[in-house]
């Protein structure tokens, strides 16, 4: 089991796809927001994961 699986398994993080579904936007839109710094994410291998605690702030502030 790799680091990505360990992090996601503990349910402290969401994948970009999971966040896209939650925000009702595309995965590409999530990645664009990560690249411009609107969403804080951690790179794990070739993928990004987002802390659930940070997502609560996103939902309050509604990412633009």
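Residue numbers (the working numbering): 48 to 111. C-beta atoms are modelled at their ideal positions from N, C-alpha and C, and glycine is treated no differently. Bear in mind the structure is a predicted one, so any value in this text is a computation, not a measurement.
Check: Residue 58 - DSSP class collapsed to helix/strand/coil; Outcome: coil
Check: Proximity of residue 80 and residue 64 at Cβ, strictly below 8 Å; Outcome: no
Check: C-beta contact flag for residue 96 and residue 61 at 8 Å; Outcome: yes
Check: Helix, strand or coil at residue 97 according to DSSP, with G and I counted as helix; Outcome: strand
Check: Own chain residues within Cβ distance below 6 Å of residue 86, not counting five before or after; Outcome: 80
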